[in-house]
Amino acid sequence: LTWSFNIGHCAYLGSDFDPIQLLAVLFPGSWQLGIRLPLYLLKLLLAGAFFQAFLRRAGFERQISVIGGLGYAFCSFAIVNGQWGENGFALVQFAAMLCFLEGFLLDRSRWNAVGAGITVGLGAAFDVYTLSLFSVLYLAARLPLLAQRGWRTLAAKLASLAGLSLLGFLLLAPIQFSNLFYLFDSPRVTGNHSVLDALIGQIFQWNDSSVIGSELAGFFGKDLLGTADQ
Numbered sequence: 011l012t013w014s015f016n017i018g019h020c021a022y023l024g025s026d027f028d029p030i031q032l033l034a035v036l037f038p039g040s041w042q043l044g045i046r047l048p049l050y051l052l053k054l055l056l057a058g059a060f061f062q063a064f065l066r067r068a069g070f071e072r073q074i075s076v077i078g079g080l081g082y083a084f085c086s087f088a089i090v091n092g093q094w095g096e097n098g099f100a101l102v103q104f105a106a107m108l109c110f111l112e113g114f115l116l117d118r119s120r121w122n123a124v125g126a127g128i129t130v131g132l133g134a135a136f137d138v139y140t141l142s143l144f145s146v147l148y149l150a151a152r153l154p155l156l157a158q159r160g161w162r163t164l165a166a167k168l169a170s171l172a173g174l175s176l177l178g179f180l181l182l183a184p185i186q187f188s189n190l191f192y193l194f195d196s197p198r199v200t201g202n203h204s205v206l207d208a209l210i211g212q213i214f215q216w217n218d219s220s221v222i223g224s225e226l227a228g229f230f231g232k233d234l235l236g237t238a239d240q
């Protein structure tokens, strides 16, 4: 179907789950290479559409929302990373999560909360952590606006969001359970030689200046330092 830098030979393909790329199964083997570009463009279309919808829900004017959606769909991450593995779908997930969260906070529909849970469940195993963490940070940034309706109303709304999002996630539990089981059962994750073991040991250590500089540069462009093709 595709190939990725994220998994090795004989690895569990579910760990590189990309529901849009799976559309390739509808086409014969001779089409697999050619179908990558249309599916990549489909990811850009969905990412831009969700981000535009988020901006509209957040109160931006139509013209600004269109510009924002186009800018998001063709940002450097989409152009460089979006072509490989599930990175392109992560772009769609991020925009969809923003759109669903904002829609729920505006009391438009409880299905937005369910959609947020489904969005998390459709991604790779690490997306469960990253998108959940992002949701908490986004809700924290929106607290000043939400608190205007009263803290009891806010608490009830957040509890409803958590429950409905969990329901949406559980709808895809058969997919995510196997992903998470393989992730934690893999020797690359558990044991003294795993990546996580090394990261946990360094979690409270400072990175050197070159690493911090490259991370800051990544906010403005994936190839700002001329390393995207390495």
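So for the sequence shown, this note's numbering puts the first residue at 11; every next one is plus one. Don't be surprised by glycine CBs; every beta carbon is placed ideally from N, CA and C. The model shown is predicted, which means the values in this text are computed figures rather than measured ones.
Below 8 Å, can you find three or more Cβ-Cβ pairs linking the segment 124-137 to the segment 181-190? Segments in contact, yes.
Is there a Cβ from chain C that is less than 9 Å from the Cβ of isoleucine 77? In the structure shown, chain C does not exist; there is a single protein chain.
In chain order, what residues of the same chain have a beta carbon less than 7 Å from the beta carbon of glycine 58, not counting five sequence neighbours either side? On the sequence shown, position 48 is the one that residue 58 refers to. These residues qualify, in order along the chain: Gly79, Leu80, Tyr82 and Ala83.
Can you list, in chain order, the residues of its chain whose CB lies under 8 Å from that of glycine 231, leaving out five sequence neighbours each side? Start at 1 with the first residue of the sequence shown, and residue 231 comes out as number 221. Contacts found: Ser86.
Inter-stretch contact at 8 Å, needing at least 3 Cβ pairs: the segment 108-128 / the segment 41-51: Under the Cβ criterion (8 Å, minimum of three pairs), the segment 108-128 does not count as touching the segment 41-51.
Alpha helix (DSSP H) containing glycine 58: first to last residue? Sequence index remark: in the sequence shown, residue 58 carries index 48 (1-based). Its alpha helix (DSSP H) spans residues 46-67.
Quick one, are the C-beta atoms of glutamine 31 and leucine 54 less than 9 Å apart? The residue labelled residue 31 in the question sits at position 21 within the sequence shown. The residue labelled residue 54 in the question sits at position 44 within the sequence shown. No Cβ-Cβ contact shorter than 9 Å links glutamine 31 with leucine 54.
Span of the alpha helix (DSSP H) around asparagine 122: Locating residue 122 in the sequence shown gives position 112, counting from the first residue. Note, asparagine 122: alpha helix (DSSP H), 121-131.
Quick check: the Cα distance between alanine 68 and phenylalanine 194, rounded to an integer number of angstroms? Against the sequence shown, residue 68 aligns to sequence position 58. Against the sequence shown, residue 194 aligns to sequence position 184. C-alpha separation (whole angstroms): 38 Å.
Classification of threonine 129 by the beta-carbon crowding that lies within 10 angstroms, buried from 16 upward: As a working mapping, residue 129 is identified with position 119 in the sequence shown. Counting Cβ neighbours within 10 Å, threonine 129 comes out buried, since at least 16 surround it.
Between the CA atoms of valine 35 and threonine 12 - distance to the nearest angstrom: Reading the sequence shown from its first residue, position 2 is the one you call residue 12. Reading the sequence shown from its first residue, position 25 is the one you call residue 35. Note that threonine 12 scores a pLDDT of 49, beneath 50, so its modelled location is shaky; the value from the coordinates is reported in the next line. Taking the straight line joining both Cα atoms gives about 10 Å.
Considering only the beta carbon of each residue, do alanine 123 and glycine 178 sit closer than 9 Å? Within the sequence shown, the letter at position 113 stands for residue 123. Within the sequence shown, the letter at position 168 stands for residue 178. Yes, these two residues count as a Cβ contact at 9 Å.
Valine 102 and leucine 56 look like a contact to me (Cβ under 8 Å); what is the Cβ gap, rounded to whole Å? Stepping through the sequence shown from its first residue, residue 102 is reached at position 92. Stepping through the sequence shown from its first residue, residue 56 is reached at position 46. With a contact defined as Cβ atoms closer than 8 Å, valine 102 and leucine 56 qualify at about 5 Å.
For the candidate residues Thr163, Ala100 and Met107, whose alpha-carbon lies nearest to that of tyrosine 148? Start at 1 with the first residue of the sequence shown, and residue 148 comes out as number 138. Among Thr163, Ala100 and Met107, the Cα nearest to that of tyrosine 148 belongs to Met107.
Range of the contiguous alpha helix (DSSP H) that encloses glutamine 103: What you label residue 103 is simply residue 93 of the sequence shown in a count that begins at 1. Taken as a continuous stretch (DSSP letters only), the alpha helix (DSSP H) holding glutamine 103 covers 97-115.
When the distance is taken between beta carbons, is valine 146 closer than 9 Å to leucine 190? Translated into the one-based positions of the sequence shown, residue 190 becomes position 180. Translated into the one-based positions of the sequence shown, residue 146 becomes position 136. For leucine 190 and valine 146, no; Cβs fall outside 9 Å.
Cβ-Cβ separation, proline 29 to phenylalanine 144 (assumed contact under 8 Å), whole Å: Your numbering for residue 144 matches position 134 in the sequence shown. Your numbering for residue 29 matches position 19 in the sequence shown. At roughly 19 Å, the Cβ-Cβ gap does not stay under 8 Å, so phenylalanine 144 and proline 29 are not in contact.
Cβ-Cβ separation, leucine 174 to glycine 127 (assumed contact under 8 Å), whole Å: Reading the sequence shown from its first residue, position 117 is the one you call residue 127. Reading the sequence shown from its first residue, position 164 is the one you call residue 174. Correct: roughly 7 Å between the Cβ atoms.
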